[in-house]
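S.K.: Residues in the sequence shown are numbered consecutively from 1, following our numbering. Before I ask anything, let me first share the structure, which is written out below as structure tokens.
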Amino acid sequence: MKEMKQEGKMFIFTAPSGAGKTTIVRHLLKHYDILDFSVSATTRSKRPHEIHGKDYYFMSVAEFNQRIESDEFIEWEEVYEDKYGTLKSEVDRVWESGKHIVFDIEVKGATNIKYMYGDRCKAIFIKPPSLEILIERLTNRNTESASSLKKRIARVKREMTYQNTFDEVLVNDMLEVAKKEAEFFVETFIYGRPFDEEE
């Protein structure tokens with residue numbers, strides 16, 4: 001893999017729930033050792049398979065609010081009654097390691113980070129093939145109540161309206177193709193061209 005010499009950059013991946021952004025982000029992190037994941041802070045409960053400091057920084061509501069008061073977040077928002085945010089210390093941690101940052105975050109947070117960091121960011125909206133397919137994916141998960149699903153679908157419809165405010169829109173129709181497109185965005189943003197292009 002090529003050695004990175006330039007200043008740290010950011011890749012912001014955002015999408016409505018169920019569009020597949022986490023799968024694409026995990027692929028990129030595995031594929032490139034020049035990338036590192038920005039671990040978000042949250043007040044939601046830790047799930048059995050999750051690891052503090054790797055999946056999220058799990059905090060009490062009181063701690064999260066104290067960090068808001070102390071201006072420790074780049075951005076934060078409330079999603080379905082839980083709070084999520086990006087700590088300034090997390091950005092410092094990744095850039096000090098000499099790597100580029102990958103975010104997997106909600107649309108509002110993505111918009112805020114892009115606004116703050118401008119040209120150091122590549123903001124990519126992962127779009128499902130259609131709203132109908134996305135709703136079908138969410139429904140087939142069978143992980144929430146009818147009222148919860150209704151709220152999530154309403155949020156998805158709102159988030160879809162933001163797609164044209166990002167640098168790139170990546171349609172996740174065929175996953176392997178979407179992964180290759182994401183690789184192209186990473187390589188061209190860091191190096192100015194894809195790795196497989198002729199010298």
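Even for Gly, the Cβ is constructed at its ideal location relative to N, Cα and C.
Can you find a CB in chain C that lies within less than 9 Å of the CB of S70?
M.R.: The displayed structure is made up of one protein chain only, and chain C is not part of it.
S.K.: Just curious, the alpha helix (DSSP H) that V39 is in, first and last residue?
M.R.: On the sequence shown, position 39 is the one that residue 39 refers to. From DSSP, V39 is part of no alpha helix (DSSP H); its letter is neither H nor E.
S.K.: For the beta strand (DSSP E) holding E75, just list the boundary residues, first then last.
M.R.: Position 75 of the sequence shown, counted from the start, is the residue given in the question as residue 75. F73 to V79 is the span of the beta strand (DSSP E), which, as asked, contains E75.
S.K.: Expressed to the nearest angstrom, what Euclidean distance is found between the alpha-carbon atoms of E168 and I12?
M.R.: To locate residue 168, count along the sequence shown from 1; it is residue 168. To locate residue 12, count along the sequence shown from 1; it is residue 12. Taking the straight line from one Cα to the other gives about 10 Å.
S.K.: Given 8 Å as the limit, is there contact between the segment 127 to 146 and the segment 21 to 28, that is, 3 or more CB pairs closer than that?
M.R.: These segments do not touch.
S.K.: Taking the C-alpha atoms as reference points, what is the distance between E132 and I153?
M.R.: The residue you call residue 132 lines up with position 132 of the sequence shown. The residue you call residue 153 lines up with position 153 of the sequence shown. In a straight line, the C-alpha of E132 is about 10 Å away from that of I153.
S.K.: Since K126 and L170 should fall inside the 8 Å C-beta cutoff, what is the C-beta to C-beta distance between them, to a whole number of angstroms?
M.R.: Translated into the one-based positions of the sequence shown, residue 126 becomes position 126. Translated into the one-based positions of the sequence shown, residue 170 becomes position 170. Looking at the sequence provided, one finds Ile at residue 126 rather than Lys. That belief holds up - the Cβ atoms of I126 and L170 are roughly 5 Å apart, short of 8 Å.
S.K.: Where does K83 sit, in a helix, a strand or coil, going by DSSP?
M.R.: On the sequence shown, residue 83 is found 83 positions in, with the first residue counted as 1. Here K83 sits in strand by DSSP.
S.K.: Please list the terminal residues of the continuous beta strand (DSSP E) segment that includes M10.
M.R.: Along the sequence shown, read from residue 1 onward, the residue named residue 10 stands at position 10. First-last of the beta strand (DSSP E) with M10: M10 to T14.
S.K.: So the candidates are E77, E81 and G85; which of them puts its Cα closest to the Cα of I39?
M.R.: What you label residue 39 is simply residue 39 of the sequence shown in a count that begins at 1. For clarity, residue 39 is Val in the given sequence; the question names Ile instead. Cα-wise, what sits closest to V39 is G85.
S.K.: Considering only DSSP beta bridges, list what I124 is partnered with.
M.R.: Counting from one through the sequence shown, the residue named residue 124 turns up at place 124. Partner(s): F13 and E168.
S.K.: Name the DSSP bridge partner or partners of F58?
M.R.: Residue mapping note: residue 58 aligns to position 58 of the sequence shown, counting from 1. BP columns for F58 point to T42.
S.K.: To the nearest angstrom, how far is the alpha carbon of M160 from that of S45?
M.R.: Here the question's residue 160 lines up with position 160 in the sequence shown. Here the question's residue 45 lines up with position 45 in the sequence shown. Rounded to whole angstroms, M160 to S45 spans 27 Å at the Cα level.
S.K.: Could you check how far apart the C-beta atoms of I101 and I74 are, in whole angstroms? I think they sit under 8 Å.
M.R.: As a first step, residue 101 must be located in the sequence shown, where it is residue number 101. As a first step, residue 74 must be located in the sequence shown, where it is residue number 74. Going by Cβ atoms, the distance from I101 to I74 rounds to 11 Å, so no, they are not a contact pair.
S.K.: In three-state DSSP terms, what is D119?
M.R.: Translated into the one-based positions of the sequence shown, residue 119 becomes position 119. D119 falls in the helix class under three-state DSSP.
S.K.: Straight-line CA distance for M4 to D71?
M.R.: Numbered from its first residue, the sequence shown carries residue 4 at position 4. Numbered from its first residue, the sequence shown carries residue 71 at position 71. With a pLDDT of 41 at M4, under the threshold of 50, the predicted position of this residue should be treated as unreliable, though the coordinate-derived value follows. Going by the C-alpha atoms only, they are around 31 Å apart.
S.K.: Could you give the residue range of the beta strand (DSSP E) that holds F103?
M.R.: Your numbering for residue 103 matches position 103 in the sequence shown. Element bounds for F103: H100 to D104.
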